[in-house]
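J.:
There are 2 protein chains.
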Amino acid sequence: MNLFYVLLVLLVVSRAFGEIAERFSQPALVGELIAGITLGAVVAEYPGIFPDLVGLSNNDVYVSITDLGMFFLMLFAGVEMQPHKAFKHSTGALVVAIGGMIIPLGLGVALGWFFLPDSNLRTAQCLFIGTALAITAVPATVRILMDLKQLDTAVGQTIVSAAVFDDILSLLLLAWLTGLIAAGEPPGIVEFAILCGKIALFFGITGVVGLFLFPWGGRFMHHLKAQELEISALLVGAFAFAVLAEMLGLHFIVGAFVAGFYFGRKTIDAESYDQVRNAISAMTFGFLAPIFFASIGQNLSLSALAGAPMFVGILVVVAFFGKVFGAGGAARIFGFSMRDSAAIGVGMSPRGAVELVIAGIALKAGLFDVTATDSPVVNNLFSAVVIMAVVTTVVSPVILQRFFSRVRPSPD
Amino acid sequence: MNLFYVLLVLLVVSRAFGEIAERFSQPALVGELIAGITLGAVVAEYPGIFPDLVGLSNNDVYVSITDLGMFFLMLFAGVEMQPHKAFKHSTGALVVAIGGMIIPLGLGVALGWFFLPDSNLRTAQCLFIGTALAITAVPATVRILMDLKQLDTAVGQTIVSAAVFDDILSLLLLAWLTGLIAAGEPPGIVEFAILCGKIALFFGITGVVGLFLFPWGGRFMHHLKAQELEISALLVGAFAFAVLAEMLGLHFIVGAFVAGFYFGRKTIDAESYDQVRNAISAMTFGFLAPIFFASIGQNLSLSALAGAPMFVGILVVVAFFGKVFGAGGAARIFGFSMRDSAAIGVGMSPRGAVELVIAGIALKAGLFDVTATDSPVVNNLFSAVVIMAVVTTVVSPVILQRFFSRVRPSPD
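Protein chains in written order, with our numbering: chain A, 1 to 412; chain B, 1001 to 1412.
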């Protein structure tokens, strides 16, 4: 890969579209996604003119750079979260997460049952659609809330915490699902308990490290001489948590988020904290995040629209309203106002980042390897889910922006 | 590649060794290089324990990350350089560059003539050794001067400018050399003129863009809405210059350096400038540069020490004193004091970053493909040059630190 050329094109196009989106009073993220979609379409049409941009999504270097983008975004989101506020909103977030998980999951399974032909993989495929609808893309959600300056509000903190819960629950589902695809039958209760144990272990270890080792490390660093040590220390913590998360069956973004979460104004002195925060913000929003979001748009292939248009249409609608009613309804029951509940429902609907990871895992596990079928829905299932992921991620901030522009932000 | 695991190990080890180096009053860079050497040795000894760390230097993702490290280091060096000071020292720098180029080049060719057996590649191999001795590793030099807080002094600015000149001259030599290897005869005067023309074109285009478009872009950005735009703009400029440099036959680090060079306190407002500078410093010295320098150490293979110990010893000695007498002598003639001249000579001697690139290009061009020889020197030439590069890079800051610790820094 021609590294600097690719970075140049992606950064220029994504930031230009982001600026245009802001001119139309939309979050920059929407522009960056559309930048990726446009770039993908142009390169697919004229591959000869842009040989260096063909097949980027399969390029190891490119994937690593977009992974770093996801990592920095989640790290920054964690740094912006304040533990005492997040814990305060954790009950509400858990209710929202469960509502926002069960309704879309049920709807997805039902949708699959209705559209998919009978085969030995049908159950797994239905569960895949359910899982695909049940997740929330935390990095996309975080970025949307930041663009709208709502990350720090009660609604924002609830959405992010609930989205993290949802992702953990989805990863449990996914592990169960890949077991089902691999063995032909769902994993037993013991395997499932082990999985839950691993997740508990992750939060146990990171909790102890975050609450005790981080502050000790912050004080210890005063005795060291090397420059730019604070940001190195935070990155070391975040890399370590990311590695631990992957070892214990979670996605690395959970590790990055948790590391940022435990890094606070009290971990190191206030001045160093602000410097680290500003540096990560600059690297994330000035460099890696626009490229990451453009790369999500690049994955969009409209082939499913031709093969199974009705299924795609219904999938997108169910994806959106499943979260609005599931998460939003749960928020309303928990006691949020009608408007806040609707905002939470819409805010939980983007699937853009994690979805592609999950669809990729299912693809590798062989979920779409159905040779004896001519069903256009099965043949286009992967592409349909990608369309759903990108569309929900574009639509959600556009609608959310209308909610928040009418009310003054209410800091918690 | 297990991205986060590799980044975790490299960052922890390099920063820990860097801190230890500072405890022994040595520049952090020395520790980072030794971290890489140690890591390389440990992994070579116990590959089974660290499977993810084996063969990193051939991994595309790892190479791209270290390339980004080199890029950010040169960008930051450019930002730290001040055009009016650099131009003020440019005559001295040119004299130092020429002295520091011709003497080592001549010594290298002579050394090759003495040690290498006759073959159709002998002339090219001799010139390769000459080129290898003639270059100066700008990124290493910059880092050393920063660690010693000398980048801003007359001596520092002269060293960096001279090192950049040397690299450009070496790239000319290298282009000539690869032409010689490929065609069996040196490129004609026309090809050489084209090459010089391309380099002139690079500096012409970047000069016009840097002097006129950068300040205009800085003013234009006030009308834009997107956040973290200044750092994006600088990165876009640097990526564009890097791509242009590679298109015109220069190394991308020259592009990154020149982009930083034209980016000044007057390009954007002072506050934004400081923020951008701090963010790049944090990313460079807190993340990418330690990994980059450790990766240089990882390349060290001591096999040449067993195969051709005398040649390796002489090569290292000639490499070091060639620059001390060549560049230092030129500085003395130009009018620097004895101590400053010695410092300039020592400061020009690290070969650690660019050398590996040049040796890699020569390797790919087939310079070491001599099948009909049993000469241990030829068989170990690549490894010997790598040893020389790493040793000069470790030794130079250790000696330089002694010069500067005895005198108070004299800001220009």
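For every residue, glycine included, the Cβ atom is placed at its ideal position computed from N, Cα and C.
Owing to the predicted nature of the structure, the values given are computational and were not obtained by experimental measurement.
#1: Does the structure place the segment 238 to 255 of chain A close enough to the segment 39 to 58 of chain A that three or more beta carbon pairs sit under 8 Å?
#2: Is the segment 292 to 300 of chain A touching the segment 32 to 46 of chain A in the sense that three or more CB pairs, one from each, lie closer than 8 Å?
#3: Is there contact here, the segment 318 to 332 of chain A with the segment 342 to 360 of chain A, by at least three beta-carbon pairs under 8 Å?
#4: Could you check where the alpha helix (DSSP H) with Val-209/A kicks off and where it finishes?
#5: What number of angstroms, rounded off, separates the C-alpha of Asp-412/A from the C-alpha of Thr-158/A?
#6: Helix, strand or coil for Thr-153/A per DSSP?
#7: Does the pairing of the segment 1149 to 1165 of chain B with the segment 1081 to 1091 of chain B give three or more beta-carbon distances under 8 Å?
#8: Taking 8 Å as the CB-CB limit, is Ile-1231/B close to chain D?
#9: Please identify the residue among Pro-376/A, Pro-309/A, Ala-140/A, Leu-174/A whose C-alpha is closest to the C-alpha of Val-395/A.
#10: Taking C-beta to C-beta, are Ala-1245/B and Val-1254/B nearer than 8 Å?
#11: Nearest chain B C-beta to Phe-287/A closer than 8 Å, yes or no?
#12: Could you have a look at Val-1324/B and say whether DSSP puts it in helix, strand or coil?
#13: To the nearest angstrom, how far is the alpha carbon of Gly-18/A from that of Val-12/A?
#14: Within the continuous alpha helix (DSSP H) that includes His-84/A, where are the two ends?
#15: Assign Cys-126/A to one of two classes, buried (16 or more other C-beta atoms within 10 Å of its C-beta) or exposed (fewer than that).
#16: Starting from the Cα of Ser-301/A, find the closest Cα among Ala-41/A, Thr-178/A, Lys-266/A, Tyr-5/A and give me that residue.
#17: Where Leu-195/A and Ile-189/A are concerned, what is the direct C-alpha to C-alpha distance, given to the nearest angstrom?
#18: For Ala-279/A and chain B, any beta-carbon pair shorter than 8 Å?
#19: Kindly list the residues whose CB is nearer than 6 Å to the CB of Leu-169/A, restricted to its own chain and excluding five residues on each side of it in sequence; keep chain order.
#20: Tell me which same chain residues have a C-beta within less than 7 Å of the C-beta of Gly-1366/B, skipping the five on either side of it?
#21: Compute the Euclidean distance between the alpha carbons of Pro-409/A and Ile-1231/B, then round it to the nearest angstrom.
#22: Tell me, please, whether the CB atom of Gly-217/A is closer than 8 Å to any CB atom in chain B?
#23: Hey, which unbroken runs of the beta strand (DSSP E) at 3 residues or more fall wholly within the segment 213 to 282 of chain A?
#24: Just how far apart, CA to CA, sit Gln-1227/B and Thr-1284/B?
#25: Along the segment 136 to 149 of chain A, what residues have a CB closer than 7 Å to any CB found in chain B?
#26: Along the segment 203 to 228 of chain A, where does the CB come closer than 7 Å to a CB of chain B? Name the residues.
#27: Leaving aside the five residues before and after Glu-32/A along the sequence, list all residues of the same chain whose C-beta is less than 7 Å from its C-beta, in chain order.
#28: Could you tell me which of Leu-133/A, Ala-162/A, Ala-124/A sits nearest to Thr-178/A, measuring between CA atoms?
#29: Interface residues of chain B around Tyr-262/A at Cβ under 9 Å?
#30: If you measure from the beta carbon of Gln-275/A to each beta carbon in chain B, is any gap under 8 Å?
#31: Can you check which of these residues, Pro-1027/B, Phe-1252/B, Phe-1404/B, is closest to Phe-1072/B by C-alpha distance?
#32: DSSP state of Gly-1335/B, grouped into three classes?
#33: Shorter than 8 Å from the beta carbon of Asp-1060/B to some beta carbon of chain A?
#34: Contact between the segment 1018 to 1028 of chain B and the segment 1305 to 1313 of chain B: three or more CB pairs below 8 Å?
#35: Pair every Cβ in the segment 1332 to 1343 of chain B with every Cβ in the segment 1379 to 1388 of chain B, then say whether three or more of these pairs are closer than 8 Å.
#36: What does Ile-1304/B touch in chain A if you count any residue whose Cβ is under 9 Å from its own?
T.: Let me spell this out:
#1: The segment 39 to 58 of chain A is not in contact with the segment 238 to 255 of chain A.
#2: Yes: at least three Cβ pairs fall under 8 Å.
#3: Judged by pairs of C-beta atoms under 8 Å, the segment 318 to 332 of chain A touches the segment 342 to 360 of chain A, as three or more such pairs exist.
#4: Taken as a continuous stretch (DSSP letters only), Val-209/A belongs to no alpha helix (DSSP H), as it is neither H nor E.
#5: With a pLDDT of 49 at Asp-412/A, under the threshold of 50, the predicted position of this residue should be treated as unreliable, though the coordinate-derived value follows. Distance between the alpha carbons of Asp-412/A and Thr-158/A is about 11 Å.
#6: Secondary structure of Thr-153/A (DSSP, three-state): strand.
#7: The segment 1149 to 1165 of chain B is in contact with the segment 1081 to 1091 of chain B.
#8: The structure shown contains no chain D; its protein chains are A and B.
#9: Considering only Pro-376/A, Pro-309/A, Ala-140/A, Leu-174/A, the residue with the shortest C-alpha distance to Val-395/A is Ala-140/A.
#10: It is a contact, given that the beta carbons lie within the stated cut-off.
#11: Yes, contact with chain B.
#12: In the three-state DSSP reduction, Val-1324/B falls in the helix class (H, G or I).
#13: Those two C-alpha atoms are separated by around 10 Å.
#14: Boundaries of the alpha helix (DSSP H) harbouring His-84/A: 83 to 88, taken from the DSSP string.
#15: Cys-126/A sits buried, since 16 or more C-beta atoms from the chains shown fall within 10 Å of its C-beta.
#16: It is Ala-41/A whose Cα lies nearest to the Cα of Ser-301/A.
#17: As the crow flies, the alpha-carbon of Leu-195/A is around 10 Å from that of Ile-189/A.
#18: Output row for Ala-279/A: interface = yes.
#19: For Leu-169/A, the CB contacts under 6 Å within the same chain, skipping 5 residues up- and downstream, are Met-101 in chain order.
#20: Ile-1181.
#21: A caution first: Pro-409/A carries a pLDDT of 49, below 50, which makes its placement in the model unreliable, though a value can still be read off. Computed Cα separation, rounded: 28 Å.
#22: Chain B contact via Cβ: absent.
#23: Secondary structure within the segment 213 to 282 of chain A: not one fully enclosed beta strand (DSSP E) run of 3 or more consecutive residues is present.
#24: Straight across, the Cα-Cα distance linking Gln-1227/B with Thr-1284/B is about 21 Å.
#25: Of all residues in the segment 136 to 149 of chain A, none comes within less than 7 Å of chain B when Cβ atoms are compared.
#26: Under the 7 Å Cβ criterion, the segment 203 to 228 of chain A contributes Leu-224, Lys-225, Ala-226, Gln-227, Glu-228.
#27: For Glu-32/A, where only same-chain residues beyond five positions count, the Cβ hits under 7 Å are Ser-14, Phe-17, Gly-18, Pro-290, Phe-293, Ala-294.
#28: For the residues Leu-133/A, Ala-162/A, Ala-124/A, the minimum Cα distance to Thr-178/A belongs to Ala-124/A.
#29: Those within 9 Å of Tyr-262/A in chain B number zero; the least Cβ separation is about 17 Å.
#30: Taking Cβ atoms only, chain B reaches closer than 8 Å to Gln-275/A, which makes this a yes.
#31: That would be Phe-1252/B, whose Cα lies nearest to the Cα of Phe-1072/B.
#32: Gly-1335/B carries a coil assignment under DSSP once its states are collapsed to helix, strand and coil.
#33: Yes, its Cβ sits closer than 8 Å to a Cβ of chain A.
#34: Result no; under three Cβ-Cβ pairs closer than 8 Å.
#35: With the cut-off at 8 Å, the segment 1332 to 1343 of chain B and the segment 1379 to 1388 of chain B do not touch.
#36: Here residue 1304/B is Ala; the residue named in the question, Ile, does not match the sequence. Neighbours of Ala-1304/B on chain A: none; closest Cβ ~30 Å, over 9 Å.
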